[in-house]
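> So the protein lines, in turn, are chains A and B. Here the first sequence stands for residues 6 to 352, numbered as in our numbering. Here the second sequence stands for residues 6 to 352, numbered as in our numbering. Yeah, the Cβ is synthetic: ideal placement off N, Cα and C, and Gly gets one too. Dropping the structure in here first, questions after.
Protein chains: 2
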Amino acid sequence: MEKIYIEADQFFVIHRRPLVMDRQEIRRLLMERYRRIKDPEMRSVLRVQDEILSALRDFLRRNGFVEILAPIIGPVTDPGIRGAKQVSVDFYGHGFKIMSSMILYKQMAVSSLERVFALSPNVRLEPSESIETGRHLSEFRQLDLEVANASYFDIMDIGERMVIYTCRRIREACRDELLLLERDLKVPSVPFRKMTHEEAVELLRSEGYKVNKGDEIPWVAEEAISRMFDEPFWIYDYPMTARGFYDREDPKRSGILMDFDLIYPEGFGEAISGGEREFQLERVMARMRSNGEDPEAYGWYLEMLGEGVSPSAGFGIGVERFTRYVCGLEKIWEAVPFPKVPGIVSP
Amino acid sequence: MEKIYIEADQFFVIHRRPLVMDRQEIRRLLMERYRRIKDPEMRSVLRVQDEILSALRDFLRRNGFVEILAPIIGPVTDPGIRGAKQVSVDFYGHGFKIMSSMILYKQMAVSSLERVFALSPNVRLEPSESIETGRHLSEFRQLDLEVANASYFDIMDIGERMVIYTCRRIREACRDELLLLERDLKVPSVPFRKMTHEEAVELLRSEGYKVNKGDEIPWVAEEAISRMFDEPFWIYDYPMTARGFYDREDPKRSGILMDFDLIYPEGFGEAISGGEREFQLERVMARMRSNGEDPEAYGWYLEMLGEGVSPSAGFGIGVERFTRYVCGLEKIWEAVPFPKVPGIVSP
């Protein structure tokens with residue numbers, strides 16, 4: 006037993022004692038997953054993850070959400086993935102992609118059922134150097150939800166209550182696991198702090214970070230702002246240039262999207278990303294063109310918008326990142342049983 | 006409203022009134038999914054599916070199972086997929102596959118946690134003509150479970166109780182939906198009928214079907230035997246030539262696998278497939294060679310077996326097929342919000 010525990014201790018790099026690893030070391034660790042998965046810490050993480058999944062679903066079902074089966078592959082998928090590459094597959098001679106997110110399908114579902122969610126499998130080939138952020142995987146799962154006729158503030162409210170409900174349940178149901186992981190998980194207080202993208206950029210610039218008002222917040226700055234707070238907080242009203250064609254531009258404030266990210270505290274970075282959706286065909290077409298997307302590729306989606314879909318809002322919460330935060334893990338690959346890490350071949 | 010209902014009625018081909026469709030018609034229907042998904046029947050199916058997922062997970066968690074996150078892609082995957090093709094992807098210059106099943110990963114997980122399950126996303130490119138069976142999709146999800154140190158009869162017992170628990174809950178929670186779908190779902194009685202593969206082959210031959218003792222039961226015969234009964238039943242002890250290298254050969258009965266399928270009644274066909282696993286390196290290597298598999302491709306898996314894994318047994322139950330049975334649907338693509346059908350391009 007003692008021997009196993011020492012190995013685990015070297016592997017499990019809890020955030021209080023960080024450890025720099027090179028790629029070869031990471032590869033070796035991931036190839037030997039069949040050993041590491043038996044460590045007490047990994048077993049604790051997996052038990053916490055099971056409780057997270059259960060808590061998220063219980064919360065959503067109690068709030069009237071219906072679970073649907075997420076697509077795995079399809080003719081098009083979410084292009085708004087911050088520099089990561091989509092994965093192509095041959096589907097009976099036709100070019101398909103593995104879902105980078107099921108956003109387009111959620112707009113279909115929400116025209117049928119008012120509140121839907123899914124455990125959605127996503128693959129995004131992040132640049133190999135993103136391994137250094139400690140929070141990027143090449144395959145991951147989002148708990149993806151969408152609500153018809155909701156505003157983005159309605160959805161932020163659901164997100165807050167969901168995160169609080171889940172943290173509370175983990176503290177109760179996983180005492181032993183949190184103790185073993187030496188994680189003092191706090192239940193965040195409501196309401197969460199809210200700042201606009203503009204305010205976030207100003208705060209970062211005042212601390213010396215190079216961030217532009219019209220841009221997505223870079224990973225390093227995202228981690229930095231995450232370290233400035235000890236409770237989760239919202240950043241909302243992103244600039245239009247930063248995001249995908251499906252994020253709705255405020256009809257009253259040109260160039261401002263009605264969307265948001267939830268940021269974990271303590272340097273854990275992005276938790277949730279979501280917003281209201283563009284749902285009018287003409288507006289979507291215009292956004293596609295200005296983003297350099299080819300509308301031709303989105304045949305079924307545009308046909309659907311032409312017939313009319315419900316206006317909606319929603320978000321995705323990364324299951325592995327939530328697990329990482331709840332368990333207080335340094336590296337995202339500790340938060341999943343079979344991790345795929347950018348650029349590294351492993352089971 | 007009336008108009009929508011008539012369209013739905015043409016689309017939803019409940020098993021009591023079958024309807025033959027050609028490929029163009031199917032393609033048109035699937036391309037217009039954004040319309041069909043709003044039909045009262047489709048909404049009912051999706052609500053039943055939500056309840057099925059919830060019931061399956063509740064049953065498993067109450068029985069000590071831990072939910073894990075299934076892999077999406079990996080360097081190798083299950084080769085035992087009855088003539089379907091695996092899907093290749095480029096993972097940073099390395100040849101990966103989309104999971105055809107997570108069987109190899111379950112053996113890893115079960116050495117850490119004694120009872121595990123996952124909602125596992127699978128892609129299998131079935132031959133285009135399998136569209137005619139009405140029960141093949143190109144992408145689907147299995148509720149996949151595995152138990153350390155269990156016999157195949159232990160696992161069949163879990164499967165029976167799980168199916169009964171779920172059917173009972175659907176009857177209670179989804180009365181309105183079953184009524185709208187005109188489905189009189191019966192809760193099966195225990196124990197389920199059990200027959201060996203040999204007995205099943207004899208029964209089919211006595212009815213004039215061409216089935217060989219050493220072979221997998223072909224789709225047409227599987228549907229035929231399914232129609233002979235009005236409750237689910239087990240077929241077990243398959244011949245070794247029919248299945249993958251991971252299905253355990255009975256040490257006392259050469260050529261017989263300790264595995265099983267659950268077959269739905271009324272022509273709905275296969276429900277569950279599972280068994281005990283080979284877990285000894287030498288035996289697996291020998292089975293790979295006799296199946297024409299290249300052991301080189303299975304590097305991490307063989308390394309893991311070399312270090313030793315827990316003996317285990319488990320199964321996968323197809324979520325869409327279970328939904329099809331519970332709702333009494335003629336075609337499998339009615340049992341999933343975003344169906345991918347063999348050879349047909351659709352969202």
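#1: Who does S278 of chain A pair with in a DSSP beta bridge?
#2: Does any residue of chain B have a CB that is nearer than 8 angstroms to the CB of M47 of chain A?
#3: Does the distance from the CB of V53 of chain B to the CB of V121 of chain B come in under 8 angstroms?
#4: Is H99 of chain A helix, strand or coil when you go by DSSP?
#5: Can you pull the DSSP bridge partners for R198 of chain A?
#6: Establish whether the CB of F327 of chain A and some CB of chain B are separated by less than 8 angstroms.
#7: In chain A, what lies closer than 7 angstroms to W305 of chain B by C-beta?
#8: State yes or no: is the beta carbon of A339 of chain B nearer than 8 angstroms to at least one beta carbon in chain A?
#9: State buried or exposed for P196 of chain B, treating a residue as buried only when at least 16 other CB atoms are found within 10 Å of its CB.
#10: Residues of the segment 68-82 of chain A with a CB closer than 7 angstroms to any CB of chain B: list them in chain order, please.
#11: Would you give the residue range spanned by the beta strand (DSSP E) that Q147 of chain A belongs to?
#12: Leaving out the 5 sequence neighbours to the left and right, which residues in its chain are closer than 7 angstroms to L61 of chain A when beta-carbon positions are compared?
#13: For the structure I just gave you, are there three or more beta carbon pairs, one from the segment 300-315 of chain B and one from the segment 115-131 of chain B, closer than 8 angstroms?
#14: For I77 of chain B versus E144 of chain A, is the C-beta spacing smaller than 8 angstroms?
#15: Along the beta strand (DSSP E) that carries R120 of chain A, what are the first and last residues, could you check?
#16: How would you label K257 of chain A, buried or exposed, when you count the other beta carbons within 10 angstroms and need 16 or more for buried?
#17: Taking the alpha-carbon positions, what's the F158 of chain A to R129 of chain B distance?
#18: Measure the alpha-carbon distance for V346 of chain B versus F273 of chain B and round it to whole angstroms.
#19: Let me see if you follow: with CB-CB separation under 8 angstroms, is K8 of chain A close to chain B or not?
#20: Nearest-angstrom Cα distance between R66 of chain B and R40 of chain A?
#21: Output the distance between the C-alpha atoms of R174 of chain A and E271 of chain A, rounded to the nearest integer angstrom.
#22: Closest Cβ-Cβ distance between D242 of chain A and chain B: below 8 angstroms?
#23: Mapping the DSSP letters down to three states, classify G213 of chain B as helix, strand or coil.
#24: On the CB-based measure, 16 or more other CB atoms within 10 Å of its CB, does V350 of chain B come out buried or exposed?
#25: Please list, in chain order, the chain A residues whose beta carbon lies closer than 8 angstroms to that of M309 of chain B.
#26: Hey, quick one: how far does the alpha helix (DSSP H) through P45 of chain B stretch, first residue to last?
#27: Any Cβ of chain B within less than 8 angstroms of the Cβ of Y110 of chain A?
#28: I believe S295 of chain B touches Y269 of chain B by the beta-carbon criterion, under 8 angstroms. Please report the beta-carbon distance rounded to the nearest angstrom.
#29: Beta-carbon separation of I73 of chain B and P342 of chain A under 8 angstroms?
#30: Note down, in chain order, each residue of its chain lying with its Cβ closer than 7 angstroms to the Cβ of G348 of chain B, except the 5 sequence neighbours on either side.
#31: For G249 of chain B, is the classification buried or exposed, using 16 other Cβ atoms within 10 angstroms of its Cβ as the cut-off for buried?
#32: Run the CB neighbour count on V225 of chain B, radius 10 Å, all protein chains shown included, and call it buried at 16 or more, exposed below.
#33: Taking C-beta to C-beta, are R38 of chain A and P244 of chain A nearer than 8 angstroms?
#34: Under 9 angstroms Cβ-Cβ, which residues of chain B neighbour Y251 of chain A?
#35: Which residue from A:T328, A:T246, A:H202, A:L142 puts its Cα closest to that of F96 of chain B?
#36: Looking at the secondary structure, which residues open and close the alpha helix (DSSP H) in which L307 of chain A lies?
Let's see:
#1: DSSP lists A:D266, A:G321 as partners of S278 of chain A.
#2: Cβ-Cβ to chain B under 8 angstroms: yes for M47 of chain A.
#3: Taking 8 angstroms as the Cβ cut-off, V53 of chain B and V121 of chain B do not qualify as a contacting pair.
#4: Assigned with DSSP and collapsed to three states, H99 of chain A falls in strand.
#5: DSSP output for R198 of chain A lists A:F238 as bridge partner(s).
#6: F327 of chain A does not count as touching chain B.
#7: When 7 angstroms is used as the limit between beta carbons, W305 of chain B is near these residues of chain A: M36, P352, in chain order.
#8: Ala is not the amino acid found at residue 339 of chain B; the sequence shown has Glu there. No Cβ of chain A is located within less than 8 angstroms of the beta carbon of E339 of chain B.
#9: So P196 of chain B counts as exposed.
#10: Those residues of the segment 68-82 of chain A that come within reach of chain B (Cβ to Cβ, closer than 7 angstroms) are V71, E72, I73, L74, P76, I77, I78, G79, P80.
#11: Start and end: 144-153.
#12: The residues are L148, M167, T171.
#13: Taking 8 angstroms as the limit for Cβ pairs, the verdict is that the segment 115-131 of chain B does touch the segment 300-315 of chain B.
#14: Contact annotation: I77 of chain B and E144 of chain A have beta-carbon atoms nearer than 8 angstroms.
#15: Counting along the chain, the beta strand (DSSP E) containing R120 of chain A begins and ends at 120-128.
#16: K257 of chain A comes out exposed.
#17: C-alpha separation (whole angstroms): 41 angstroms.
#18: Approximately 17 angstroms, taken between the alpha carbons.
#19: The pLDDT assigned to K8 of chain A is 29, lower than 50, so where the model puts this residue is not dependable; a value taken from the coordinates is nonetheless given after this. Residue-level contact check: K8 of chain A does not touch chain B, since none of the beta carbons of chain B fall below 8 angstroms from its beta carbon.
#20: The alpha-carbon atoms of R66 of chain B and R40 of chain A are separated by roughly 25 angstroms.
#21: E271 of chain A has its alpha-carbon roughly 21 angstroms from the corresponding atom of R174 of chain A.
#22: No, no contact with chain B.
#23: In this structure, DSSP gives G213 of chain B a state outside helix and strand, which the three-state scheme calls coil.
#24: By the Cβ-count criterion, V350 of chain B is buried, with 16 or more other Cβ atoms from all chains shown falling within 10 Å of its own Cβ.
#25: Those are Y39, listed as they occur along chain A.
#26: That run of the alpha helix (DSSP H) goes 45-67.
#27: For Y110 of chain A, the answer is yes, since a Cβ of chain B falls inside 8 angstroms of its Cβ.
#28: Contact flag wrong, Cβ pair sits at about 32 angstroms.
#29: Yes, the Cβ-Cβ distance between I73 of chain B and P342 of chain A is below 8 angstroms.
#30: S133, I136.
#31: Buried, since its Cβ has 16 or more Cβ neighbours within 10 Å.
#32: Flag for V225 of chain B reads exposed.
#33: No, the Cβ-Cβ distance between R38 of chain A and P244 of chain A is not below 8 angstroms.
#34: None at all; the shortest Cβ gap to chain B is about 15 angstroms.
#35: Per the Cα distances, A:L142.
#36: Note, L307 of chain A: alpha helix (DSSP H), 304-312.
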